[in-house]
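Here's the structure, in structure tokens; my notes come after.
Number of protein chains: 2
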Amino acid sequence: MAKEKKAPRPKAETPKGFRDYFGPDVAERKAMLDAIARVYHLYGFEALESSAVETVEALGKFLPDVDRPNEGVFAWQEDAEGEKPGDWLALRYDLTAPLARVYAQHRNELPTPYRRFAMGPVWRNEKPGPGRFRQFYQCDADTVGTASVAADAEICMMLADALEAVGIERGDYVIRVNNRKVLNGVLEVAGLPDTEAHHAARGIVLRAIDKLDRLGPEGVRALLGEGRKDESGDYTKGAGLSKAQIEVLLSFATAPTLVQNEITRQIALSEKTRGVQDGRIRAFENKQGEIFEASEIGPEYYPYVFTIQHLRRLVAESEVGTEGVEELVALANLTRANKYGPDRIVIDPSVVRGLGYYTGPVFEAELTFEITDEKGNPRQFGSVAGGGRYDDLVKRFTGQEVPATGISIGVDRLLAALRAKGRSQSDTTGPVVVTVMDRDRMADYQAMASELRQAGIRAEVYLGNPKNFGNQLKYADKRGSPVAIIQGGDEHAKGVVQVKDLILGAKIAETATHEEWKDQPAQFECKREDMVARVHEILSR
Amino acid sequence: MAKEKKAPRPKAETPKGFRDYFGPDVAERKAMLDAIARVYHLYGFEALESSAVETVEALGKFLPDVDRPNEGVFAWQEDAEGEKPGDWLALRYDLTAPLARVYAQHRNELPTPYRRFAMGPVWRNEKPGPGRFRQFYQCDADTVGTASVAADAEICMMLADALEAVGIERGDYVIRVNNRKVLNGVLEVAGLPDTEAHHAARGIVLRAIDKLDRLGPEGVRALLGEGRKDESGDYTKGAGLSKAQIEVLLSFATAPTLVQNEITRQIALSEKTRGVQDGRIRAFENKQGEIFEASEIGPEYYPYVFTIQHLRRLVAESEVGTEGVEELVALANLTRANKYGPDRIVIDPSVVRGLGYYTGPVFEAELTFEITDEKGNPRQFGSVAGGGRYDDLVKRFTGQEVPATGISIGVDRLLAALRAKGRSQSDTTGPVVVTVMDRDRMADYQAMASELRQAGIRAEVYLGNPKNFGNQLKYADKRGSPVAIIQGGDEHAKGVVQVKDLILGAKIAETATHEEWKDQPAQFECKREDMVARVHEILSR
Numbered sequence: 003m004a005k006e007k008k009a010p011r012p013k014a015e016t017p018k019g020f021r022d023y024f025g026p027d028v029a030e031r032k033a034m035l036d037a038i039a040r041v042y043h044l045y046g047f048e049a050l051e052s053s054a055v056e057t058v059e060a061l062g063k064f065l066p067d068v069d070r071p072n073e074g075v076f077a078w079q080e081d082a083e084g085e086k087p088g089d090w091l092a093l094r095y096d097l098t099a100p101l102a103r104v105y106a107q108h109r110n111e112l113p114t115p116y117r118r119f120a121m122g123p124v125w126r127n128e129k130p131g132p133g134r135f136r137q138f139y140q141c142d143a144d145t146v147g148t149a150s151v152a153a154d155a156e157i158c159m160m161l162a163d164a165l166e167a168v169g170i171e172r173g174d175y176v177i178r179v180n181n182r183k184v185l186n187g188v189l190e191v192a193g194l195p196d197t198e199a200h201h202a203a204r205g206i207v208l209r210a211i212d213k214l215d216r217l218g219p220e221g222v223r224a225l226l227g228e229g230r231k232d233e234s235g236d237y238t239k240g241a242g243l244s245k246a247q248i249e250v251l252l253s254f255a256t257a258p259t260l261v262q263n264e265i266t267r268q269i270a271l272s273e274k275t276r277g278v279q280d281g282r283i284r285a286f287e288n289k290q291g292e293i294f295e296a297s298e299i300g301p302e303y304y305p306y307v308f309t310i311q312h313l314r315r316l317v318a319e320s321e322v323g324t325e326g327v328e329e330l331v332a333l334a335n336l337t338r339a340n341k342y343g344p345d346r347i348v349i350d351p352s353v354v355r356g357l358g359y360y361t362g363p364v365f366e367a368e369l370t371f372e373i374t375d376e377k378g379n380p381r382q383f384g385s386v387a388g389g390g391r392y393d394d395l396v397k398r399f400t401g402q403e404v405p406a407t408g409i410s411i412g413v414d415r416l417l418a419a420l421r422a423k424g425r426s427q428s429d430t431t432g433p434v435v436v437t438v439m440d441r442d443r444m445a446d447y448q449a450m451a452s453e454l455r456q457a458g459i460r461a462e463v464y465l466g467n468p469k470n471f472g473n474q475l476k477y478a479d480k481r482g483s484p485v486a487i488i489q490g491g492d493e494h495a496k497g498v499v500q501v502k503d504l505i506l507g508a509k510i511a512e513t514a515t516h517e518e519w520k521d522q523p524a525q526f527e528c529k530r531e532d533m534v535a536r537v538h539e540i541l542s543r
Numbered sequence: 003m004a005k006e007k008k009a010p011r012p013k014a015e016t017p018k019g020f021r022d023y024f025g026p027d028v029a030e031r032k033a034m035l036d037a038i039a040r041v042y043h044l045y046g047f048e049a050l051e052s053s054a055v056e057t058v059e060a061l062g063k064f065l066p067d068v069d070r071p072n073e074g075v076f077a078w079q080e081d082a083e084g085e086k087p088g089d090w091l092a093l094r095y096d097l098t099a100p101l102a103r104v105y106a107q108h109r110n111e112l113p114t115p116y117r118r119f120a121m122g123p124v125w126r127n128e129k130p131g132p133g134r135f136r137q138f139y140q141c142d143a144d145t146v147g148t149a150s151v152a153a154d155a156e157i158c159m160m161l162a163d164a165l166e167a168v169g170i171e172r173g174d175y176v177i178r179v180n181n182r183k184v185l186n187g188v189l190e191v192a193g194l195p196d197t198e199a200h201h202a203a204r205g206i207v208l209r210a211i212d213k214l215d216r217l218g219p220e221g222v223r224a225l226l227g228e229g230r231k232d233e234s235g236d237y238t239k240g241a242g243l244s245k246a247q248i249e250v251l252l253s254f255a256t257a258p259t260l261v262q263n264e265i266t267r268q269i270a271l272s273e274k275t276r277g278v279q280d281g282r283i284r285a286f287e288n289k290q291g292e293i294f295e296a297s298e299i300g301p302e303y304y305p306y307v308f309t310i311q312h313l314r315r316l317v318a319e320s321e322v323g324t325e326g327v328e329e330l331v332a333l334a335n336l337t338r339a340n341k342y343g344p345d346r347i348v349i350d351p352s353v354v355r356g357l358g359y360y361t362g363p364v365f366e367a368e369l370t371f372e373i374t375d376e377k378g379n380p381r382q383f384g385s386v387a388g389g390g391r392y393d394d395l396v397k398r399f400t401g402q403e404v405p406a407t408g409i410s411i412g413v414d415r416l417l418a419a420l421r422a423k424g425r426s427q428s429d430t431t432g433p434v435v436v437t438v439m440d441r442d443r444m445a446d447y448q449a450m451a452s453e454l455r456q457a458g459i460r461a462e463v464y465l466g467n468p469k470n471f472g473n474q475l476k477y478a479d480k481r482g483s484p485v486a487i488i489q490g491g492d493e494h495a496k497g498v499v500q501v502k503d504l505i506l507g508a509k510i511a512e513t514a515t516h517e518e519w520k521d522q523p524a525q526f527e528c529k530r531e532d533m534v535a536r537v538h539e540i541l542s543r
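Protein sequences, first through last, are from chains L and U.
Residue 3 is where the first sequence starts when you use our numbering, and the numbers rise one by one after that.
Residue 3 is where the second sequence starts when you use our numbering, and the numbers rise one by one after that.
See the structure below:
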């Protein structure tokens with residue numbers, strides 16, 4: 003008989019762009035998601051776990067990142083049933099598209115409005131890169147079936163509570179709120195309404211505004227008008243807008259600066275006319291040069307009040323724009339009444355990016371503390387969550403518009419932030435390791451571990467080859483064990499055990515003098531029946 | 003321009019064989035898995051979350067259910083990279099195959115032995131049926147890298163603790179233990195060693211033994227010999243074994259009956275020779291007819307002692323069989339020494355099914371309480387977990403044999419058992435609903451919900467259209483709310499709220515007389531500032 007060729011061994015590798023998560027990483031993420039889930043649940047949101055697999059038809063082409071339409075899904079075709087070709091199935095790429103499908107499918111049994119949260123992996127069939135994976139977690143909360151701005155306000159307040167629940171302190175985050183309708187209103191006033199004819203120009207304008215930080219107002223002005231030559235001499239064609247159009251758009255894009263200047267001017271005016279030098283606005287000059295008493299609001303609300311004033315004037319001619327500004331006012335009033343002041347939730351017209359399918363309020367949670375980037379430079383941590391109102395997703399299925407609003411937390415980014423702040427909440431202590439000196443007394447060692455566990459102490463028996471005792475201690479080290487228990491034949495005969503304090507041992511080995519070494523023995527003997535109590539002492543130090 | 007045809011609306015449906023899990027189901031499963039994870043963690047096991055997607059090459063063809071080799075996976079091919087065809091990827095079909103891949107890939111960083119647990123969905127591309135889904139949860143714990151039977155004993159004890167932790171009471175479950183080597187030994191003694199030549203006959207034998215319950219010893223005897231004609235007259239060809247071979251196999255298959263008969267006989271002998279009638283064995287007759295003093299063991303261990311005796315004799319001629327029996331003895335000694343007696347962990351040679359890739363001890367956890375089946379008949383609940391030792395999985399990758407042992411809990415079956423026993427541990431109470439009587443005072447209503455939440459009470463504001471108050475109460479009903487809060491203009495002016503006790507209300511509506519109705523008002527007025535305290539009273543009733 004011919005010898006069969008042996009098949010080559012399979013490679014032990016995750017597919018490209020996928021990864022495994024081990025003990026501490028899993029525990030850390032779980033602790034964070036559990037804390038967030040408790041907040042969501044307290045707000046009346048219900049958990050939903052939809053299937054990971056959807057029909058491609060139901061998923062549709064609603065990838066949130068419209069800048070990369072080629073970003074794909076993992077898809078396959080079912081076997082044919084007789085003549086009928088099999089359905090195409092795919093792994094979900096986010097948690098919002100499945101929510102729309104679930105709500106359309108079960109809307110008769112679900113309460114309206116339907117508040118739900120969902121946490122779980124999603125999959126993207128894109129080119130993997132450093133730190134970019136093809137499977138990652140999302141954590142979403144959405145309210146479906148109400149157009150009330152109270153739902154948007156609730157989402158923002160709940161997000162603030164969730165961030166604090168996981169360990170981000172007040173002052174270390176801010177939730178910025180804008181409204182898609184304001185932006186539409188500004189574009190409308192600038193003569194670029196949302197029609198096919200202006201699609202390209204609107205795109206150029208949004209990209210230009212997005213570059214304000216880098217190019218400054220003059221650079222943006224050039225891009226909106228004739229075009230711009232950069233330092234290298236390369237020429238970028240402009241949007242070719244008129245001077246009046248450009249003024250409207252720049253006045254929107256530079257709103258924060260204009261607002262700050264106006265606040266400074268009004269404070270100076272107050273000091274001049276009222277003679278009080280406390281940085282508060284007491285008098286107020288309107289655009290016609292008339293001077294009024296200012297109503298008594300706290301300085302923390304000045305940016306809000308002047309921003310709204312500025313936006314109201316800017317989009318006065320646009321119905322949708324005015325609607326957007328009034329929605330911002332309503333949202334701000336609700337959050338302020340619930341004591342979520344501008345230290346936590348701020349109106350910020352510069353939130354432009356990633357509006358995607360949003361139709362009303364949009365939110366972005368930013369962490370404001372500094373971290374050190376890869377090059378050693380300090381920078382703000384940045385965005386960890388985003389969301390907003392979207393009214394068209396369910397309509398795809400039912401034909402009826404169903405208003406919805408929600409938020410998605412970037413699980414990996416928030417985890418990274420908690421690590422950067424040393425706030426990760428999981429217990430990563432290893433187990434107490436009961437070493438094995440005498441293979442025949444395994445039952446005794448297991449009984450020790452069992453007793454420790456009954457006292458709530460994580461414990462295990464060493465189950466490798468016990469011959470080399472050094473290997474057992476190396477194992478305990480690898481496990482991050484705080485304590486090792488040792489009982490050889492002599493100790494057994496005397497009814498005692500050796501308790502080895504591995505944390506203290508490591509510390510002494512690093513830093514202690516000879517005297518300290520003698521005073522603080524990292525290993526001691528105790529009666530067998532005192533073992534649990536003595537280990538407990540070490541762990542509660 | 004020609005009008006574009008509108009695409010038909012997508013169907014809002016999960017793919018066939020998939021389902022969604024809503025609030026209470028998700029919470030219930032999470033509570034159960036959290037309780038199990040706490041036990042596993044306490045035993046020193048580390049969480050592992052491997053990627054849901056594996057290369058088909060790494061997964062291999064190791065589906066545990068060997069009776070259905072066509073059972074498939076969901077697979078797809080990656081895009082080609084230049085000349086190189088793309089890899090085939092697939093969703094994992096269990097948690098064991100990925101563990102083997104993870105261990106092979108990371109063995110240099112992982113401790114040895116490596117104790118890990120994993121919980122998560124797996125996917126099977128099989129024909130969906132009633133109650134059979136193509137995505138379901140598994141919950142596994144395995145120890146990789148030790149051949150010690152102490153690891154198997156630990157798994158069994160940990161499984162017992164896990165079952166009790168989720169609410170299965172002692173006495174309501176039993177963990178049955180057998181050893182694959184014993185079965186191999188019996189087959190060897192019966193002249194059917196594990197070689198290619200005997201493959202078919204061994205299959206017939208295993209299937210015949212498995213039918214003992216239904217066919218009785220004589221039916222199995224016929225199947226092992228000439229063959230068997232059933233009641234309908236159909237003839238099944240037999241294995242054609244000799245009388246001696248058949249005796250060995252039947253003696254194994256009917257071991258529980260033989261053992262019980264022997265126990266009865268020895269008790270009767272004790273009573274005759276020692277004159278004590280307490281159902282205990284005081285004297286002992288061996289196979290040669292000699293009578294000895296029996297050593298003092300509790301009656302609960304008689305089945306164990308006589309089973310081992312029986313098996314030892316049966317496989318005395320087989321090295322592997324004897325090894326298997328001694329492993330059973332070692333495991334039983336370890337569990338007994340740790341006070342996991344035969345009320346929890348029993349040696350049971352009838353555990354034959356589903357041995358699959360197992361190479362040593364095998365375990366099966368069975369729930370012993372009765373439930374009522376679909377036809378209204380009482381039946382034992384049955385198996386909720388299974389596992390055992392397998393030594394070949396990692397070898398596929400590395401060429402080195404790596405011993406491993408583990409257990410897999412059937413998440414859905416265990417959940418069903420907890421529901422049947424009313425032991426499901428999650429809080430499924432709906433939120434307090436703050437109704438909206440005056441749309442302009444939304445901030446007030448949100449402040450009420452916020453105060454309730456700050457006291458740890460789940461609460462939400464009604465965010466649907468508030469016009470029809472009846473709809474608000476229907477909503478509260480659908481949400482399973484215990485309490486509704488009502489504050490109209492009059493109440494607001496007076497500084498009070500109405501508290502509506504929905505649970506008491508429902509009870510009164512069902513059962514109360516008119517007097518009780520008056521005495522126990524399901525709705526009362528209280529001061530606005532007392533609202534939280536009064537709601538708290540209702541909830542802690």
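Ideal Cβ positions, reconstructed from N, Cα and C, are used throughout, including at glycine.
The structure displayed is predicted, hence computed values, not measured ones.
- Alpha-carbon to alpha-carbon, Ala102 of chain L and Ala153 of chain L: Spanning the two alpha carbons is a distance of roughly 17 Å.
- Message: Distance check for Arg21 of chain L and Glu128 of chain L, CA to CA, integer angstroms please.
- Response: A straight-line Cα-Cα distance of about 15 Å links Glu128 of chain L and Arg21 of chain L.
- Val179 of chain U CB to nearest heavy atom of the ligand NAP below 6 Å: With respect to small molecules bound, the structure shown includes none, and the ligand NAP cannot be examined in it.
- Of all the CB atoms in chain L, is at least one closer than 7 Å to the CB of Arg70 of chain U? Unreliable positioning characterises Arg70 of chain U in this predicted model, as indicated by a pLDDT of 40, which lies under 50. A coordinate reading is not provided.
- Message: Tell me the rounded alpha-carbon separation between Pro523 of chain L and Ser542 of chain L.
- Response: 17 Å
- Message: I'd like to know if the segment 157-173 of chain U and the segment 336-344 of chain U are in contact, where contact means that at least 3 CB-CB pairs between them fall below 8 Å.
- Response: Under the Cβ criterion (8 Å, minimum of three pairs), the segment 157-173 of chain U counts as touching the segment 336-344 of chain U.
- Can you tell which of L:His494, L:Asp174, L:Gly122 has its C-alpha closest to the C-alpha of Asp440 of chain L? L:His494
- Task: Can you have a look at Glu539 of chain U and say buried or exposed, based on whether 16 or more other CB atoms are within 10 angstroms of its CB?
- Result: Exposed, because fewer than 16 other Cβ atoms sit within 10 Å of the Cβ of Glu539 of chain U.
- Arg391 of chain L by DSSP, collapsed to three states: which one? strand
- Counted within 10 angstroms of its Cβ, other Cβ atoms place Glu111 of chain L as buried (16 or more) or exposed: Its Cβ having fewer than 16 others within 10 Å, Glu111 of chain L is exposed.
- Query: What in chain L is Cβ-close to Gly193 of chain U, meaning under 8 Å?
  - Reply: Result: empty, since nearest Cβ-Cβ is about 25 Å, beyond 8 Å.
- Message: Given this structure, state the Cα-to-Cα distance separating His200 of chain L from Gly482 of chain U, to the nearest angstrom.
- Response: About 50 Å.
- Query: Start and end of the beta strand (DSSP E) containing Leu97 of chain U?
  - Reply: Counting along the chain, Leu97 of chain U falls outside any beta strand (DSSP E), and DSSP gives it neither H nor E.
- Message: Taking only three categories from DSSP, how would you classify Pro195 of chain L?
- Response: coil
- Message: Measuring straight from C-alpha to C-alpha, what distance separates Cys528 of chain U and Glu366 of chain U?
- Response: Rounded to the nearest whole angstrom, the C-alpha separation of Cys528 of chain U and Glu366 of chain U is 57 Å.
- Message: Ignoring anything shorter than 3 residues, give me the beta strand (DSSP E) runs that lie fully in the segment 219-274 of chain U, in order along the chain.
- Response: 229-231, 237-239
- Task: Taking His43 of chain L as the query, report the chain U residues whose CB atoms sit under 7 Å from its CB, ordered along the chain.
- Result: Arg460
- Taking 7 Å as the CB-CB cut-off, is Ala486 of chain U touching chain L? False, the Cβ-Cβ gap to chain L never drops below 7 Å.
- Item | Rounded separation between Val151 of chain U and Val537 of chain L - CA only | 27 Å
- Beta bridge counterpart(s) of Val176 of chain L as assigned by DSSP: L:Glu368
- Task: Check each candidate in U:Asp96, U:Thr16, U:Asn180, U:Gly235 and name the one with the smallest Cα separation from Phe254 of chain U.
- Result: U:Asn180
- Query: Bridge partners of Asp142 of chain L, per DSSP?
  - Reply: Answer by DSSP bridge pairing, in chain order: L:Ala120, L:Ser410.
- Message: With the cut-off set at 7 Å, would you say Lys469 of chain U and Pro113 of chain L are in Cβ contact?
- Response: no
- Which residues in the same chain as Ala334 of chain U place their Cβ atom closer than 7 Å to its Cβ, once the five residues preceding and following it in sequence are excluded? Tyr306, Ile349
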